Amino acid sequence: MRGHVKESAGTGNFIANSTYGRNCDLILSSLASKITGGFYNATIGQDRDKVYALALCREDSFKEDFFNCVNFTSQEIMIKCPNQKESFMWGNLPDQPPCMVHYSNRSFFGILEVDPLMILTNTEDICIVQCTPDLSHSDCDVCLRRCVTAYKSYCLGKQEGVVQGPNCGSRWDLYNFYKDTPDAPLTSPPSTSTTTKGMFTLALV
1 MRGHVKESAG TGNFIANSTY GRNCDLILSS LASKITGGFY NATIGQDRDK VYALALCRED
61 SFKEDFFNCV NFTSQEIMIK CPNQKESFMW GNLPDQPPCM VHYSNRSFFG ILEVDPLMIL
121 TNTEDICIVQ CTPDLSHSDC DVCLRRCVTA YKSYCLGKQE GVVQGPNCGS RWDLYNFYKD
181 TPDAPLTSPP STSTTTKGMF TLALV
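Residue numbers for the sequence shown, in the UniProt record's numbering: 1 to 205.
Written out as structure tokens, the structure is:
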């Protein structure tokens, strides 16, 4: 079953079959089985061959959606961004909420990045916004405000749209596209653990 993806790549290429490349393959292939709480980050390798990666799912996803979406997106990012030292991708399977996979040769955990943004429009009343839970509350606010600014610049008046970046994303539509779930508690940034559960999600009607 095919899905939809939107990707961004940069910071140069790595040599095929290099240690860094093998580490990328290993960490990307492991994300789907580890993301049991909707968010997971990890590292693998040493020094110049070290790879940092995270995966984020929307809170209203079912647990089986976590695996399916992250597995699909991890495979697609290797196909669509081959030999890239850093890439991030938002992907989704039909009738499932989207998820994000991000990997890099640099440490980006807990660091606010508002660009590049991916903007898709269609036109609405219901909105959901979400940050990666490794961000501080203030950085999450900055990231979401950047999404709002992009919305006003490119999507104002549209019935449906999506604004997605490395640290946060938003979607609005005319219908209730998210599954009702209990309110998630706001979480503080992780200290030393490489696994973080929980995320900030807001739905507006």
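Each residue gets a CB set at the ideal place from its N, CA and C atoms; glycine is no exception.
Just so you know, these numbers come straight off a predicted model, no measurement behind them.
Considering just the uninterrupted stretch of the beta strand (DSSP E) at residue 25, what are its terminal residues? Element bounds for residue 25: not the beta strand (DSSP E) but the alpha helix (DSSP H), 19 to 34.
Under 7 Å between the Cβ atoms of residue 41 and residue 26? no
Presumed contact (8 Å Cβ cut-off) between residue 166 and residue 88, rounded CB distance: 5 Å
Residue 74, DSSP secondary structure in three states: helix
Specify, as a first and last residue, the run of the beta strand (DSSP E) that residue 57 falls within. 51 to 57
Contact under 7 Å by Cβ, residue 74 with residue 31: yes
Which listed residue (143, 111, 170 and 153) has its alpha carbon closest to that of residue 126: 170
Residues that DSSP places opposite residue 39 in a beta bridge: 56
Nearest-angstrom Cα separation, counted from residue 97 out to residue 155: 21 Å
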